[in-house]
Amino acid sequence: MKILNSTVLVTGANRGIGLALVEKLLEKGAAKIYATYRSANDRSMLQELDERVVPIHLDLGDRSLIAQLSQSVPSLDILINNAGIFSAADILEATEEQLRNDFETNFFGALAVTKALLPALKKNSSAAIANLSSIAGLASMPSFGGYSASKAAVHSMTQSLRGKLKADGISVHGVYPGPVATRMTEKMDMETTPASVAAGNILEDIENGVEEIFPDTMSQQVGPLFLSSPKKLEQSFAAF
Ligand SMILES: NC(=O)c1ccc[n+]([C@@H]2O[C@H](COP(=O)([O-])OP(=O)(O)OC[C@H]3O[C@@H](n4cnc5c(N)ncnc54)[C@H](OP(=O)(O)O)[C@@H]3O)[C@@H](O)[C@H]2O)c1
């Protein structure tokens, strides 16, 4: 799936990995980038990036806004389900509402956006979907087990979509970042990879048809361990 001259939609495009993806897509010659944002304050920033950027107001918690996507986006080559929340919820201590919040945005939100945009993706003979899971979606990190569970659901959704959409020529990519320098990780005491580096690696792997994408320094170590021994990865994450 080539980025050059493609039409791409990125959710959560106003900051972090999402904004870095928009900037890299511009560099790589995408023809049109639908960039979703939640707060009205972010619209003009996105509009001023480049005339190829089309800002769209989208809150993953608002199903009526998601339903409108099919009217605003007639045709699409690549969908990147990037928007997500991280609640550091311990699975035993969090309230059910906290745990449901992670699932609502990370899993149900991304699934609803995908369903709304499938007709636009199916208009093309080939297309791609990339879902931002996490290394914590491959094996749980117990101190934020709620987030891990929601990202495991994204991993499972990715596998499910891959099977369902193969015959339509839609490739489905799972993205499993470790710590990337964004607002999500700013309070964590961990080494991070710059968002621009992670975004560049994500797009290169989509172009190369890589199904499991490990875009940063930590995930590049964790990914091979997951692929060779999921049990060893679980054991190494148990202390987190
Ligand atoms: N950074 C990391 O280390 C890391 C590691 C693993 C996975 N990830 C995943 O990578 C993705 C991007 O993360 P990031 O680090 O760039 O995070 P970030 O800087 O916190 O940005 C999150 C983005 O998601 C948007 N968003 C959150 N809830 C939303 C909702 N209900 N509706 C619409 N947009 C919503 C935010 O919009 P607002 O600005 O309006 O809040 C923001 O644009 C996420 O799915 C995250 O789980 C990140």
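For the sequence shown, our numbering gives the first residue as -1, with consecutive numbering after it.
Glycine residues also receive a C-beta, built at the ideal position from the N, C-alpha and C atoms.
DSSP three-state assignment for residue i, whether helix, strand or coil
i	result
residue 112	helix
residue 1	coil
residue 132	coil
residue 117	helix
residue 122	coil
residue 194	helix
residue 220	helix
residue 20	helix
residue 78	strand
beta-carbon residue i near ligand 1 non-hydrogen atom, thresh 6 Å
i	result
residue 140	no
residue 136	no
residue 130	yes
residue 203	no
residue 178	yes
residue 13	yes
residue -1	no
Burial state of residue i, where buried means 16 or more other Cβ atoms lie within 10 Å
i	result
residue 21	buried
residue 201	buried
residue 114	buried
residue 103	buried
residue 214	buried
residue 27	exposed
Which residues DSSP lists as bridging residue i, in chain order
i	result
residue 30	5
residue 52	32
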